[in-house]
Amino acid sequence: MMHPTIDAPGRHMRTRTLEAAAVIAITLLLTGCSGDGDAGDKGKPSGTPAAAEKAEVTQRCVDAIADRAAAHKGGAVRSHPVPGPCARLSDADYLDAYMAGLEQAHRVAQKASQGESGKAADGAGN
Numbered sequence: 403m404m405h406p407t408i409d410a411p412g413r414h415m416r417t418r419t420l421e422a423a424a425v426i427a428i429t430l431l432l433t434g435c436s437g438d439g440d441a442g443d444k445g446k447p448s449g450t451p452a453a454a455e456k457a458e459v460t461q462r463c464v465d466a467i468a469d470r471a472a473a474h475k476g477g478a479v480r481s482h483p484v485p486g487p488c489a490r491l492s493d494a495d496y497l498d499a500y501m502a503g504l505e506q507a508h509r510v511a512q513k514a515s516q517g518e519s520g521k522a523a524d525g526a527g528n
């Protein structure tokens with residue numbers, strides 16, 4: 403009769419050890435996941451204003467390039483010297499803004515040209 407009693411505590415001890423190991427493992431996994439989530443959450447608020455600021459700076463740069471292009475008849479616009487609003491952008495971001503500024507100036511010129519041709523057509527019909 404003693405033999406079953408000795409085996410029962412041994413099995414119980416192994417089961418508890420496995421349960422404890424599983425609980426520790428799950429706790430470590432959850433702690434690791436929540437730690438990464440917290441770091442990501444902390445990064446989002448500080449990243450959002452930076453992204454908004456970068457977008458604003460980029461748009462000011464695009465507008466400056468478009469204004470420069472509009473001032474130059476014929477569309478030849480040099481990329482240097484860099485306009486003041488573009489000074490904080492990386493080279494790659496400046497190149498993107500430069501191209502976007504040229505496209506913006508082209509669209510504005512095209513709309514103006516279409517508007518003038520529309521007025522001329524209206525005047526010719528009278």
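In this note's numbering, the protein residues as written are 403 to 528.
Glycine included, every Cβ here is placed at the ideal spot set by N, Cα and C.
Query	Result
Contacting residues, own chain, Cβ-Cβ under 6 Å from Arg470 (five flanking each side not counted)	Val479
Pair within 9 Å by beta-carbon distance, Gly503 and Val464	yes
Proximity below 9 Å, CB of Ala466 to CB of Pro487	yes
C-beta contact flag for Ala534 and Gln506 at 9 Å	Past the boundaries of the shown model lies residue 534; the chain is included only from 403 to 528, so the question cannot be answered.
DSSP state of Ser515 mapped onto helix, strand, coil	helix
Secondary structure of Pro485, DSSP reduced to three states	coil
Outcome for Pro451 when other beta-carbon atoms lying within 10 angstroms are tallied against a minimum of 16	exposed
Whole-angstrom distance between Gln516 and Leu497, CA atom to CA atom	29 Å
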